[in-house]
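Asker: This structure is in structure tokens; I'll ask about it shortly.
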Amino acid sequence: MSGKINQQDFARYFSSEVVDHLASNYVMGTLTTRVRNRVDALRNGFECRHINERILFWENRLSPLDEKTPELAPKAQTWQNIQAQLNMTPQVASGSVQETSKKFDWSSLFLYRWATAFSLMLVVIVGVAVMQKPETVGNLSYVAVLADENQKPQVVAATYGDTQTLMLDILELPEVEEGESFELWVTSKTDRQTRSLGEIPIGQSSFNRQLTDAEWRLIKDSDSLLISIEEIGGSAMGEPTGEIVSSGLCIRLSAWQQQDQA
Amino acid sequence: MTNATEPERLQQLLAQCALGNQTAFAQLYESVSGKLNGIAYRILHSVDSANEVLQEAFVQIWHKAGEYRSDKAEPMTWMASIVRYRAYDRIRFEQRRIEGAQVQAELDNFESIADSSHDQPLMCEFGQQLEDCLATLDSSQQGSILMAYYYGFSREEISEHFKTPVNTVKSWLRRGIVRLQQCLEK
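Listed in order, the protein sequences are those of chains A and B. Per our numbering, the very first residue in the first sequence carries number 773; after that it's consecutive. Per our numbering, the very first residue in the second sequence carries number 17; after that it's consecutive.
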């Protein structure tokens, strides 16, 4: 087996230089399979706990990079596969999870959890904004509270599925220089690409417009919205080039409404 | 449990999993699967592969929950490491690295990973120190470390990208890690 080590090699694993090289490369995933198997065999042994300690050191020190990684809701099927693989009792293991996934997908569940955490902000800001909309617009489908880097809400974006309308309530946006404007972007949860939803007029407290079918598909696949400062006319690059002044997760609401109406 | 911090809550759930509590396992999945799936997707760039890795990782988490040591690592660090290693294995096994624009987008992005000026502050106590220390590295050292850890690039792939011998990449990684370690242990 490639992970086995003879006595001659074994002595090398007490050199701090070798240990740190192995541990750091283990954590970065850059060891060959053969060496990695060897390290796996060593780190679990009593004599080489120092290797395990160094691996833990690097895992802990590099883990802040993982904090920055955006969440991606897993498929509902993944949880069902896990339960099946572990021969778990669905009624016990799934609990609210499976019940929820019958109603809507995992992304909604996690967005729901996010929304719960920020419920006060949503109730106060979104609730008021939504209630003020004319009833003819249609059923609210998605909503996002866009906030600055200090989490101060700046824009509430809402879309209405019946009419494919985008409505923006602009609470507060920074001043822009002459020749600049704001551009709204949507980030896809599928491919993580950011695509434009057009410019936002300067100096208006609210704004609405009809979305094209393509834009509506972007909304349905949205992870988050963001606003950047661009030259008037929008980014020529097809992606944000200026400062990102505001961003927020997109929350799908239609499933809840259907549930309420049922 | 209501007054517990998130790491404490996750520790409690892991402890319950170790005792075979399936409800706790479901709660754990609910709490962290989005983040862990995001980490897998970051490396694999495939929703299907990310979900498969997530599945494998959660099966491992269930079986290994009793081995988690709260004095050694935060629960998320422990679970994220399981996901990362499985994602690295998967990408090596598939020998798949999407060519062209996607790789370029990753490479364009890795500088911004180290530069947090436009991002939310890092959550963990080591976060700021890590950023500061990464910033002291040469760009080739910083880039190769982030390409490996963050996106799962192999040394050969990094060498191909930089059009430089693999031994040079090994040297960048080795020197970068030594400098990073010296900085982090200050």
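Using N, Cα and C, we set each Cβ at its ideal position, and we do this for glycine too. Here the structure is a predicted model, which means the values were calculated and not measured.
Please list the partners that residue 957 (chain A) has in chain B, where partner means a Cβ-to-Cβ separation under 9 Å.
Answerer: Correct list: empty, because the minimum Cβ distance to chain B is about 14 Å.
Asker: For residue 182 (chain B), which option in B:170, B:192, B:193 and B:191 has the closest C-alpha, if you only look at C-alpha atoms?
Answerer: Residue 182 (chain B) has its Cα closest to that of B:170, out of B:170, B:192, B:193 and B:191.
Asker: Could you spell out where the beta strand (DSSP E) holding residue 979 (chain A) opens and where it closes?
Answerer: Note, residue 979 (chain A): beta strand (DSSP E), 978-982.
Asker: Is it the case that the region 912-927 of chain A contacts the region 1014-1024 of chain A, given that we only count it when at least three CB pairs across the two stretches are under 8 Å?
Answerer: They touch, by the three-pair rule.
Asker: Are the C-beta of residue 134 (chain B) and some C-beta of chain A separated by less than 8 Å?
Answerer: Note that residue 134 (chain B) scores a pLDDT of 38, beneath 50, so its modelled location is shaky; the value from the coordinates is reported in the next line. For residue 134 (chain B), the answer is yes, since a Cβ of chain A falls inside 8 Å of its Cβ.
Asker: Establish whether the CB of residue 93 (chain B) and some CB of chain A are separated by less than 8 Å.
Answerer: With 8 Å as the cut-off, residue 93 (chain B) counts as an interface residue toward chain A.
Asker: How about residue 937 (chain A) and residue 983 (chain A): are their beta carbons less than 8 Å apart?
Answerer: Result yes, Cβ atoms of residue 937 (chain A) and residue 983 (chain A) sit closer than 8 Å.
Asker: Sort out for me which residues DSSP pairs residue 957 (chain A) with in a bridge.
Answerer: Looking at the DSSP assignment, residue 957 (chain A) forms a beta bridge with A:968 and A:998.
Asker: Could you give the DSSP three-state label for residue 1015 (chain A): helix, strand or coil?
Answerer: Of the three classes helix, strand and coil, the one that applies to residue 1015 (chain A) here is coil, per DSSP.
Asker: Give the range of the beta strand (DSSP E) segment to which residue 936 (chain A) is assigned.
Answerer: Careful: residue 936 (chain A) lies outside any beta strand (DSSP E) and carries neither H nor E.
Asker: Got a sec: which bits of the region 835-848 of chain A sit with their beta carbon under 7 Å from any beta carbon on chain B, in order along the chain?
Answerer: Here the close residues are 835, 836, 837, 838, 839, 840, 841, 842, 843, 844, 845, 846 and 847.
Asker: In terms of alpha-carbon separation, which member of A:940, A:809, A:927 and A:851 lies closest to residue 39 (chain B)?
Answerer: Comparing Cα-Cα distances from residue 39 (chain B) to each of A:940, A:809, A:927 and A:851, the minimum goes to A:851.
Asker: Nearest to residue 85 (chain B) by CA position, among B:61, B:69 and B:29, is which residue?
Answerer: The shortest Cα separation from residue 85 (chain B) among B:61, B:69 and B:29 belongs to B:29.
Asker: Against residue 78 (chain B), what residues of chain A qualify as contacts under a CB-to-CB distance less than 7 Å, listed in chain order?
Answerer: By Cβ distance, chain A contributes 858.
Asker: With DSSP as the reference, label residue 165 (chain B) as helix, strand or coil.
Answerer: Helix, per DSSP.
Asker: If we define contact as Cβ-Cβ less than 8 Å, is residue 1020 (chain A) a contact residue for chain B?
Answerer: Cβ-Cβ to chain B under 8 Å: no for residue 1020 (chain A).
Asker: Rounded to the nearest angstrom, what separates residue 48 (chain B) and residue 830 (chain A) at their Cα positions?
Answerer: Rounded to the nearest angstrom, the two C-alpha atoms are 21 Å apart.
Asker: Is residue 41 (chain B) buried or exposed, if buried means 16 or more other CB atoms sit within 10 Å of its CB?
Answerer: By the neighbour-count rule (16 or more Cβ atoms within 10 Å), residue 41 (chain B) is buried.
Asker: Please name the residue in A:833, A:832 and A:812 whose C-alpha comes closest to that of residue 823 (chain A).
Answerer: Nearest C-alpha to residue 823 (chain A): A:812.
Asker: Are the C-beta atoms of residue 158 (chain B) and some chain A residue less than 8 Å apart?
Answerer: Answer no: the Cβ-Cβ gap between residue 158 (chain B) and chain A never drops below 8 Å.
Asker: Identify the contact partners of residue 850 (chain A) in chain B, using a Cβ-Cβ distance below 7 Å as the criterion.
Answerer: Result: 67, 70 and 71.
Asker: Measure from the C-beta of residue 994 (chain A) to each C-beta in chain B and report whether the shortest distance is under 8 Å.
Answerer: No, because no Cβ of chain B sits closer than 8 Å to the Cβ of residue 994 (chain A).
Asker: Is it buried or exposed for residue 880 (chain A), if we count other Cβ within 10 angstroms and need 16 for buried?
Answerer: Low per-residue confidence applies at residue 880 (chain A): pLDDT is 40, beneath 50, and the placement is therefore not dependable enough to give any value.
Asker: Leaving aside the five residues before and after residue 83 (chain B) along the sequence, list all residues of the same chain whose C-beta is less than 8 Å from its C-beta, in chain order.
Answerer: Around residue 83 (chain B): no qualifying Cβ.
Asker: Three-state secondary structure (DSSP) at residue 42 (chain B)?
Answerer: Looking at residue 42 (chain B) - three-state DSSP - the assignment turns out to be helix.
Asker: Closest Cβ-Cβ distance between residue 183 (chain B) and chain D: below 8 Å?
Answerer: The structure shown has no chain D; the protein chains it does contain are A and B.
Asker: So the alpha helix (DSSP H) residue 85 (chain B) belongs to, where does it begin and stop?
Answerer: Residue 85 (chain B) -> no alpha helix (DSSP H), and no H or E assigned at all.
Asker: Using a cut-off of 7 Å between C-beta atoms, extract the partners of residue 788 (chain A) located in chain B.
Answerer: What residue 788 (chain A) touches in chain B: nothing, since even the nearest Cβ is about 10 Å away.
Asker: Measure from the C-beta of residue 920 (chain A) to each C-beta in chain B and report whether the shortest distance is under 8 Å.
Answerer: False, the Cβ-Cβ gap to chain B never drops below 8 Å.
Asker: Using 8 Å as the limit for Cβ to Cβ distance, is residue 822 (chain A) near chain B?
Answerer: Closer than 8 Å: no.
Asker: Cβ of residue 108 (chain B) within 8 Å of Cβ of residue 73 (chain B)?
Answerer: No, the Cβ-Cβ distance between residue 108 (chain B) and residue 73 (chain B) is not below 8 Å.
Asker: Just checking: is the beta-carbon of residue 36 (chain B) within a distance shorter than 8 Å of some beta-carbon in chain A?
Answerer: No - not a single Cβ of chain A is within 8 Å of the one on residue 36 (chain B).
Asker: State the DSSP-derived secondary structure class of residue 837 (chain A), mapped to helix, strand or coil.
Answerer: Three-state result, residue 837 (chain A): helix.
Asker: Would you mind stating whether residue 1002 (chain A) and residue 953 (chain A) have Cβ atoms separated by less than 8 Å?
Answerer: Yes, they are a contact pair.
Asker: From the DSSP secondary-structure annotation, give me the bridge partner or partners of residue 918 (chain A).
Answerer: BP columns for residue 918 (chain A) point to A:927.
Asker: Report the residue ranges of all alpha helix (DSSP H) runs contained in full by the region 789-828 of chain A; include only those spanning at least 4 residues, in chain order.
Answerer: Complete alpha helix (DSSP H) runs here, min 4: 805-815.
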